[in-house]
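Number of protein chains: 2
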Amino acid sequence: MHVTLKDVCKKTGFSTATVSRVLNGSPLVTEDTKRRVLAVVEDLGYQPSHTARMLKLKRTDMLAVVFPPLDVGFFTEVLRGIDAATSEHNYHMMTAFSHGPEDERKLINRVIRERRADALILMNLTLPENYLRGLARYGMPITLIDRPMARSKMASVSLDNRTGARAATVHLLDHGHRNIAFITGPKGTYDADERLAAFRETMQERNCPVDRQLIWPGRFTEPSGREALARWLDGGGDLPDAIFAANDAMAIGALGVLRERGYDVPRDTALVGFDDIESARYLGITTVHVPMRELGAKSAQVAIQQVTRHQTGIAHRLPTELVVRASCGTHTGNAAPRAQAVSTRSRNIPT
Amino acid sequence: MHVTLKDVCKKTGFSTATVSRVLNGSPLVTEDTKRRVLAVVEDLGYQPSHTARMLKLKRTDMLAVVFPPLDVGFFTEVLRGIDAATSEHNYHMMTAFSHGPEDERKLINRVIRERRADALILMNLTLPENYLRGLARYGMPITLIDRPMARSKMASVSLDNRTGARAATVHLLDHGHRNIAFITGPKGTYDADERLAAFRETMQERNCPVDRQLIWPGRFTEPSGREALARWLDGGGDLPDAIFAANDAMAIGALGVLRERGYDVPRDTALVGFDDIESARYLGITTVHVPMRELGAKSAQVAIQQVTRHQTGIAHRLPTELVVRASCGTHTGNAAPRAQAVSTRSRNIPT
DNA sequence: GTGAAAGCGCTAACAA
DNA sequence: TTGTTAGCGCTTTCAC
């Protein structure tokens, strides 16, 4: 059997109250008592049962994180960010990956209803706003990553997608590309919509008409990026001057198709992604850097603040930043120095 | 306030015992009682408190996973594997990334002593065997990923590193490479040691002397791969016929150096990695595929078996498999068809 | 078949 | 300063 509070009491002769006080650093105990209790605690190798504590205190010191079923390296980074902040505040992290929308709701419900965690962090899910609002009723603080909630007090940590998408579009335009294709993310996803909108706006501002045919639907996955470009080319479409994918996974998919068909990047077409995942760096893909760790860390902090300080409606927006690499722009000759001006994150493996 | 068992009792008129029986599917209740109780449960939106249950049953339905502070995409995949098996068995997953060896022990101790989980999965840690054996005393089942424990009953799920490393080495030799450099993983790590040992053995069997100078120390990280090759070249070393890195991250690091210095892969030197992470596929790096998801899924299954069936000393060993891509061997002309024979996993983006 | 009651291991009034 | 005691919300003997 394992050691409980009572064992410590028996051995010290003190009551549970006193021992508990010592353990919780109450000032209402003699130095001597404290010493004696701690000695026995040490001796017996006693450790308070977290479970019992939970039941009494109605705290779990646990943050639950639910991720969508996407595979991209993006989530690892976010997870690490959450982990870092979480453990810094002496919280634990419970992780679950959803395996589809139904599963997502089941997961979320289970966590909330069983009160397995003090707060819930939801990432980039496509769940409708009113469903999310409904969750608020259960009283567990929820922090949304990647989606500010318009008319609600739900906390969120999101991205300034527009500035990044705008910078990328401007970069392409500045390098003389006009005929730019855009591979979208799943419709209805906040980030995807913002990125597309900013692309459109920027094009319009520059009096550069957007060819509707060149808006290719994607799903934020690598295969969907492949398909988008392949379908266009197979349908007899000309290779555009540039391709702007709403995330790196799709950019990588498109790059695969380009290489397989003998096209050179950036000579035949420029390519830009979004996120700045590890593979994008290795492949030399110009992209918009997203501070993934910070996204995670910030959301964990927000979640904890909601728990400990009962703060509500906290909304953060993190900046994004263009990172110029070989996949785009270098053929103008002076793009390299310019790249430095845009960002110092450009260490990469030339392709 | 939230709904408890008592609320259901009050509303139904039954005792806690009966309601609890209904909830746990006991056969000792009338169909009618069951119906009435469930109706009220539904009506009130009652959900049993997991915490209270835990305290009573001394089960947490939680698997704790501790990962090392490495960044590689490897872990994401393993984590997904664990998640899949975990949720399939109605368990939850608690994740923690260590931030160094001291931290690692602290994390592990906390989980074990507080009994936050029913079982613990440890991944690829460099913790000494006797420390691990010491942990067994606490009674929490531990499953090791990537390291079979020689003289102990600790469960493990590990890799057949040798077969994979052997296949890779043979592949390089068959393509006429003799002068092969090997970038090692951190000394003392099971996988790293096995891979190096198999490389050495295979070379010897083929009467191909291993040049000690060409064994470059690495740490399983991308920068360490860069450094290993850069140091050699900067020291005036000739580019070897081939480079075999003990993992993909380091292979990618070396590839970066090669490209920066204008070398072509595989023309100037062949390159082989280990793990088959996503980036390796995109970069067309020949590598040894490691079934990362299975590694995770299997370890979760083993962990759960230990909990539910009190099985002990389960040891699994998963196969690895050579995947031939562009970074190696294709310059012989007929390597492509051969690649098919070796593995069908070779879809990749030609570099 | 159902209920009363005793805990699981802890914390925190309240009393002394 | 320390002890007594009543729970937290559930499961499970043991009676009935």
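Those sequence lines, one after another, are chains A and B.
Quick note on the working numbering: the first sequence kicks off at 581 and runs consecutively.
Quick note on the working numbering: the second sequence kicks off at 581 and runs consecutively.
We treat Cβ as the ideally placed atom computed from N, Cα and C, and that holds for glycine.
Which first and last residues belong to the alpha helix (DSSP H) in which residue i is found?
i         : result
B:Ile-662 : 654-668
A:Phe-779 : 770-785
B:Ser-736 : B:Ser-736 -> not in any alpha helix (DSSP H); beta strand (DSSP E) instead, spanning 735-739.
B:Val-887 : 872-889
A:Leu-715 : 709-715
B:Val-837 : 828-840
B:Leu-559 : Residue numbering for chain B in the displayed model covers 581 to 931; residue 559 of chain B lies beyond these limits and cannot be assessed.
B:Val-617 : 611-624
A:Leu-863 : 858-863
B:Val-588 : 585-592
B:Ala-808 : 802-814
B:Leu-603 : 596-603
Check this for me: beta carbons of residue i and residue j, under 9 Å apart or not?
i         : j         : result
A:Val-933 : A:Ala-699 : Outside the shown range of chain A (581 to 931) lies residue 933 of chain A, about which nothing can therefore be said.
B:Gln-881 : B:His-669 : yes
B:Leu-702 : B:Ser-732 : no
A:His-869 : B:Arg-696 : no
B:Ile-998 : B:Ala-834 : A question about residue 998 of chain B goes unanswered here, because the residues of chain B that appear run from 581 up to 931.
B:Leu-679 : A:Ser-804 : Note that residue 679 of chain B corresponds to His in the displayed sequence, not to Leu. Contact flag unset, no.
A:Ser-907 : B:Glu-858 : no
B:Tyr-862 : A:Tyr-862 : yes
B:Leu-898 : B:Ala-748 : no
A:Lys-591 : A:Asp-623 : yes
B:Leu-650 : B:Phe-800 : yes
B:Glu-694 : A:Gln-627 : yes
B:Ile-884 : B:Ala-664 : no
B:Val-609 : B:Thr-598 : yes
B:Asp-844 : B:Gly-756 : no
A:Val-621 : A:Leu-603 : yes
Whole-angstrom Cβ separation of residue i and residue j, contact assumed at under 8 Å?
i         : j         : result
A:Ala-895 : A:Ala-716 : Their Cβ separation, rounded to whole angstroms, is 15 Å, which puts A:Ala-895 and A:Ala-716 out of contact at 8 Å.
B:Leu-659 : B:Thr-640 : No, B:Leu-659 and B:Thr-640 are not in contact; Cβ-Cβ is about 19 Å, not under 8 Å.
A:Val-588 : A:Val-617 : 7 Å
A:Asp-791 : A:Leu-819 : Wrong, their Cβ atoms sit about 13 Å apart, outside the cutoff.
B:Val-645 : B:Ile-662 : 6 Å
B:Ala-826 : B:Gly-765 : 4 Å
B:Asp-683 : B:Asn-704 : Incorrect: roughly 15 Å between the Cβ atoms, too far for contact.
B:Phe-779 : B:Ala-808 : That belief does not hold up - the Cβ atoms of B:Phe-779 and B:Ala-808 are roughly 15 Å apart, past 8 Å.
B:Met-642 : B:Tyr-671 : 7 Å
A:Ala-761 : A:Trp-796 : 6 Å
B:Arg-742 : B:Cys-788 : Not a contact, Cβ separation roughly 17 Å.
A:Ser-600 : A:Leu-585 : 7 Å
B:Arg-786 : B:Val-837 : Contact flag wrong, Cβ pair sits at about 28 Å.
B:Gly-653 : A:Thr-656 : 7 Å
If I follow the unbroken beta strand (DSSP E) through residue i, where does it start and stop?
i         : result
A:His-932 : Outside the shown range of chain A (581 to 931) lies residue 932 of chain A, about which nothing can therefore be said.
B:Glu-694 : First-last for B:Glu-694: undefined, no H or E at that position.
B:Thr-723 : 722-725
B:Ala-906 : Premise fails: B:Ala-906 is in no beta strand (DSSP E) and is neither H nor E.
A:Leu-705 : That residue, A:Leu-705, is in no beta strand (DSSP E); it is neither H nor E in DSSP.
B:Ala-644 : 642-647
A:Ala-850 : 850-852
A:Thr-867 : 867-869
B:Ala-761 : 760-763
A:Ile-823 : 822-825
B:Arg-897 : 895-898
Check whether the Cβ of residue i sits closer than 8 Å to any heavy atom of the ligand ATP, and report yes or no.
i         : result
B:Met-729 : You won't find the ligand ATP in this model; it holds no ligand whatsoever.
Exercise. Does the segment 837-853 of chain B come close enough to the segment 746-753 of chain B that 3 or more CB-CB pairs lie under 8 Å?
Worked result: yes
Exercise. Are at least three pairs of beta-carbons, each pair with one atom in the segment 765-781 of chain B and one in the segment 737-745 of chain B, less than 8 Å apart?
Worked result: yes
Problem set entry | Interfacial residues, the segment 669-701 of chain B to chain A, with Cβ spacing under 7 Å | His-672, Met-673, Met-674, Thr-675, Ala-676, Phe-677, Arg-693, Glu-694, Arg-695, Arg-696
Exercise. Between the segment 838-868 of chain B and chain A, which residues of the former have CB atoms less than 8 Å from a CB of the latter, in chain order?
Worked result: Arg-839, Glu-840, Glu-858, Ser-859, Tyr-862, Leu-863
Exercise. For the segment 714-728 of chain B against the segment 686-693 of chain B, are there 3 or more C-beta pairs whose distance is under 8 Å?
Worked result: yes
For this session: Give, in chain order, every residue of the segment 771-782 of chain B whose Cβ lies closer than 7 Å to some Cβ of chain A.
Result: none
Problem set entry | Short-range partners of chain B found in the segment 797-818 of chain A, where Cβ spacing is below 8 Å | none
For this session: Determine which residues of the segment 706-731 of chain A have a Cβ less than 7 Å from any Cβ of chain B, and write them out in chain order.
Result: none
Exercise. Taking a cut of 7 Å between CB atoms, which residues from the segment 612-627 of chain A lie near chain B?
Worked result: Gln-627
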